[in-house]
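> Supplied in C-alpha cells, the structure appears directly below.
Protein chains in written order, with the numbering used here: chain F, 1 to 232; chain R, 1 to 202.
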C-alpha cells in the first residue's frame, strides 16, 4: 500500500485531527483526550491496549480502502476486539440511539407533524430490531468465540452461521435519513433538524464501519481459529 | 447497481513492469483506483479480506492449467465483477470467452482508461436495466399504499387483479425510485406524501 495510514508513531492528537469521527471510537478503548505529544504507541502502552487493534480500528474508520494483510491480522487479539465491540454496542444502545430517537420525537412535536405517532412507532420498531441484533451477538456469537479461544469446541455452532445471519441494521436508518431529507414538511426548517441529521449521518457511518469490522475482520479471524483447531 | 465514485480495481499479473504500467495508465484517469496488485493467483487468494472491487484485470496465462469454465469460479467472492484479460501472449479463444473484455499490451497507454470504461459499460448493459429517478407512477402509488397498509404481495395482487410477479417488480421499482428499502420506511413515505392518512393505517 502506498498511501499514508496511521502508524504506531503517529501522534494521537494528529489521529483525531485527521478524523473527528474517532471521537466516538476512542472511548470504546477507554481513551480520553489530553494526549499532549504522545504517540499512538505510548497511549496504548499506558492504557494496556493492543497497538495493532487500535490502529486497525482507526485506519478502517478513516481510510475507506484500507485493507490489512493476513500477516497484520495475526497480531489482532480477538478478545480485545470483542471487548471493543461490546463497548460500542453498549454505547449505541444506551446513549446514541435513544438520543437520536428522542430528538426525532421532539422534532415531530415542535414541527407539529401530523404523523408523529407513526414516526414514534417506526423508531420503536427500529430500536427493537437493533436490540435483537446486538443481543444475538452478545449472547450467542461472542460467548461462542470466547469458548473457542479457550479450546472448547462446539458441535452445534460455527461462525459461518453468524456470517449468513448477520442482518443489516443500517437499512431502516438510511430510510429515516432519506425521509427526513426529502419529505419533511417545508415548515420544518433545516435549523430545527440539522443536529439530528448530523447525528444520524454519524451513527449510520459508525454502524457501517462497525458491521465491516464484524463481517470482514472478526469473522475472518475466527474462521482462522476454527481451521487451526480442526487440524490440531 | 449504484455507480461507484471510483472503479476499484485489482491487478493480477506476474510481470512487475506490466503490473505497474497498467496501474499507472489506469490511475491517470480519476475514475480508477487500483486497490491492490498481485504477482500470482496464490498471493491474491491468501488475502483474508475480500474488498469491494468492480474490476479485476488479470493475465489468463497465470491460470493456464485451469479449465476455461472454472475461471469465473475463481472470483466467486466477487459477484458482478468485471473481468478483463491482460494479453501479451496467445490465449485460446475458449478461455477468453469468460472475460468481459481484453486489454492488449500494444494498446495505446492513454486509451486504456476509455477502453476499460467501455468494457464495463457493455458488461453492465448485459446485467442491468437502466434506472431512472422519476416520480412514482400511479400504479406504483397504488402498490405503495397497499404496502403501507400492511398487505402482503399476494393480497395486493388479488386486490389489484395483477400477478404477484408484477407486484414484486413494481415494488422493486419503488425501492429504486425512492431509495427507501424497509416496509416501515415506505409507510412513513406514504404518510408524508399524503398517499394515505394515519386513520387508514390503524
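Note that beta-carbon positions come from the ideal geometry of N, C-alpha and C, so glycine has one too.
Would you say residue 125 (chain F) reaches chain R, if we count a Cβ-Cβ gap shorter than 8 Å as a contact?
Interface residue, yes.
> How do the stretch 131 to 149 of chain R and the stretch 171 to 180 of chain R stand: do at least 3 beta-carbon pairs fall below 8 Å, yes or no?
Contact holds: three or more Cβ-Cβ distances are below 8 Å.
> Tell whether a beta-carbon distance below 8 Å holds between residue 82 (chain R) and residue 55 (chain R).
Against a cut-off of 8 Å, the Cβ pair of residue 55 (chain R) and residue 82 (chain R) comes out as a contact.
> So, at 8 Å on beta carbons, what are the nonlocal neighbours of residue 142 (chain F) in its own chain, with the 5 sequence-adjacent residues on each side left out?
Only 82, 85, 86 meet the Cβ criterion.
> In whole angstroms, what separates the C-alpha of residue 135 (chain R) from that of residue 121 (chain R)?
Those two C-alpha atoms are separated by around 26 Å.
> Can you tell me which of the three DSSP states residue 171 (chain R) falls into?
DSSP places residue 171 (chain R) in helix when its eight states are reduced to three.
> Can you have a look at residue 17 (chain F) and say buried or exposed, based on whether 16 or more other CB atoms are within 10 angstroms of its CB?
Exposed, since its Cβ has fewer than 16 Cβ neighbours within 10 Å.
> Can you confirm whether residue 122 (chain F), when its beta carbon is compared against all beta carbons of chain R, has any partner nearer than 8 Å?
Interface residue, yes.
> Listed in chain order, which residues of the stretch 163 to 179 of chain F have Cβ atoms closer than 8 Å to some Cβ of chain R?
Within the stretch 163 to 179 of chain F, the qualifying residues are 171, 172, 174, 175, 176, 178, 179.
> Is the separation between the beta-carbon of residue 41 (chain R) and that of residue 62 (chain R) shorter than 8 Å?
Yes, Cβ-Cβ distance for residue 41 (chain R) and residue 62 (chain R) is below 8 Å.
> For residue 116 (chain F) and residue 110 (chain F), what's the separation of their Cα atoms in angstroms?
Cα to Cα, the separation comes out at about 10 Å.
> Are the Cβ atoms of residue 204 (chain F) and residue 174 (chain F) separated by less than 8 Å?
Taking 8 Å as the Cβ cut-off, residue 204 (chain F) and residue 174 (chain F) qualify as a contacting pair.
> For residue 104 (chain R), which of helix, strand or coil comes out of DSSP?
DSSP places residue 104 (chain R) in strand when its eight states are reduced to three.
> Could one say the Cβ of residue 189 (chain R) lies closer than 8 Å to chain F's Cβ atoms, at least one of them?
Chain F, which has a Cβ nearer than 8 Å to the Cβ of residue 189 (chain R), makes this yes.
> So that I know if they touch, is there some Cβ in chain F lying closer than 8 Å to that of residue 80 (chain R)?
No, residue 80 (chain R) lies away from the interface with chain F (no Cβ there is under 8 Å from its Cβ).
> Within the chosen definition, does the stretch 61 to 74 of chain F reach the stretch 208 to 226 of chain F through at least 3 CB pairs nearer than 8 Å?
Flag = yes, the stretch 61 to 74 of chain F and the stretch 208 to 226 of chain F touch.
> State the DSSP-derived secondary structure class of residue 82 (chain R), mapped to helix, strand or coil.
In this structure, residue 82 (chain R) counts as strand in the three-state DSSP scheme.
> By the DSSP assignment, the beta strand (DSSP E) with residue 33 (chain R) in it spans what residues?
Segment 32 to 38, the beta strand (DSSP E) holding residue 33 (chain R).
> Put residue 151 (chain R) into one of helix, strand or coil per three-state DSSP.
Residue 151 (chain R): coil per DSSP, three-state reduction.
> By DSSP, does residue 10 (chain R) sit in helix, in strand, or in coil?
Correct three-state label for residue 10 (chain R): strand.
> What is the DSSP secondary structure of residue 39 (chain F), reduced to helix, strand or coil?
Reduced to three states, the DSSP call for residue 39 (chain F) is strand.
> What would DSSP say about residue 58 (chain R), mapped onto helix, strand or coil?
The answer is strand: DSSP assigns residue 58 (chain R) an E or B state.
> Would a C-beta distance cut-off of 8 Å place residue 59 (chain R) and residue 17 (chain R) closer than the cut-off?
Their beta carbons are not under 8 Å apart, which means residue 59 (chain R) does not touch residue 17 (chain R) by this criterion.
> Who are the near neighbours of residue 163 (chain F) in its chain, counting only those whose CB is closer than 8 Å to its CB and skipping five residues on each side?
Correct list, in chain order: 215, 219.
> Does any C-beta atom of chain F lie closer than 8 Å to the C-beta of residue 141 (chain R)?
Cβ-Cβ to chain F under 8 Å: no for residue 141 (chain R).
> Taking the alpha carbon of residue 33 (chain R) as the point to measure from, which residue in F:21, F:159, F:66 has its own alpha carbon closest?
Here the closest residue by C-alpha is F:66.
> Name, going along the chain, the residues of the stretch 56 to 77 of chain F whose beta-carbon falls closer than 8 Å to a beta-carbon of chain R.
So the list reads 65, 67, 68, 69, 70, 73, given in the order they occur along the chain.
> Within 8 Å, do at least three Cβ pairs link the stretch 36 to 49 of chain F to the stretch 3 to 15 of chain F?
Segments in contact, yes.
> For the alpha helix (DSSP H) that residue 233 (chain F) lies in, which residues bound it at each end?
As displayed, chain F neither begins before 1 nor continues past 232, which places residue 233 (chain F) out of reach and without an answer.
> Please list, in chain order, the chain R residues whose beta carbon lies closer than 9 Å to that of residue 119 (chain F).
The answer, in chain order, is 188, 191.
> State yes or no: is the C-beta of residue 171 (chain F) within less than 8 Å of the C-beta of residue 182 (chain R)?
In this structure, residue 182 (chain R) lies closer than 8 Å to residue 171 (chain F) by Cβ.
> Could you tell me whether the Cβ of residue 84 (chain F) comes closer than 8 Å to any Cβ of chain R?
Chain R contact via Cβ: absent.
> Excluding the 5 residues preceding and the 5 following residue 101 (chain F) in the sequence, name in chain order all residues of the same chain whose CB lies nearer than 6 Å to its CB.
Taken in chain order, the residues that qualify are 123.
> Within this structure, are the beta carbons of residue 28 (chain R) and residue 113 (chain R) separated by less than 8 Å?
Cβ distance < 8 Å, so residue 28 (chain R) and residue 113 (chain R) count as in contact.
> In terms of alpha-carbon separation, which member of R:142, R:57, R:98 lies closest to residue 105 (chain R)?
Here the closest residue by C-alpha is R:57.
> Quick one: does residue 24 (chain F) have its CB under 8 Å from some CB of chain R?
For residue 24 (chain F), the answer is no, since every Cβ of chain R falls outside 8 Å of its Cβ.
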